[in-house]
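Just remember that our numbering sits 703 ahead of the position in the sequence shown, which is counted from 1.
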Amino acid sequence: MRNKYSKLTSMALAATMIIFISGCGKKAVETVPAANNNTVAFQQAVDSYLQTKSYGLKAVKMDIVKDDNAQALVSCVITNSSRKWEFTLKKDNTGTWTVTTFEQK
């Protein structure tokens, strides 16, 4: 019985050492999506626009199609809708983004 536990312990120790050695010296790979500083501003502009129009809707998932310093085009899914909506936004002199047009796709 003692010999059986000794073999199990040796095998567990060997497996642990192999796992430890195989992982040493390798740098962890992190995949970090590129941050877009305007994403939050675009989301707020679209949500504000929908709220002022009393549509009772909110942007759920947003993809930035085009973004330059003065104008942007975003595509998003709206609550209770399966269709994509595209919003054109424009930045004013104060740096605030506002929706100029929208279209359902």
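The beta carbon of each residue, even a glycine, is placed where N, CA and C say it ideally should be.
Would a C-beta distance cut-off of 8 Å place residue i and residue j closer than the cut-off?
i      : j      : result
Val768 : Val780 : no
Ala775 : Leu760 : no
Lys808 : Lys794 : no
Here's the rule: buried if 16 or more other CB atoms are within 10 angstroms of the residue's CB, otherwise exposed. What is residue i?
i      : result
Ala748 : buried
Ala773 : exposed
Val763 : exposed
Tyr752 : buried
With DSSP as the reference, label residue i as helix, strand or coil.
i      : result
Ala762 : strand
Thr755 : helix
Ala744 : helix
Asp770 : strand
Rounded to a whole number of angstroms, what is the C-alpha to C-alpha distance between residue i and residue j?
i      : j      : result
Val743 : Ser785 : 22 Å
Thr803 : Gln746 : 14 Å
Gln754 : Asn796 : 23 Å
Asp766 : Trp800 : 16 Å
Would you mind working out which of the options sits nearest residue i, comparing C-alpha positions?
i      : options                : result
Asn741 : Asp770, Glu806, Asn796 : Asp770
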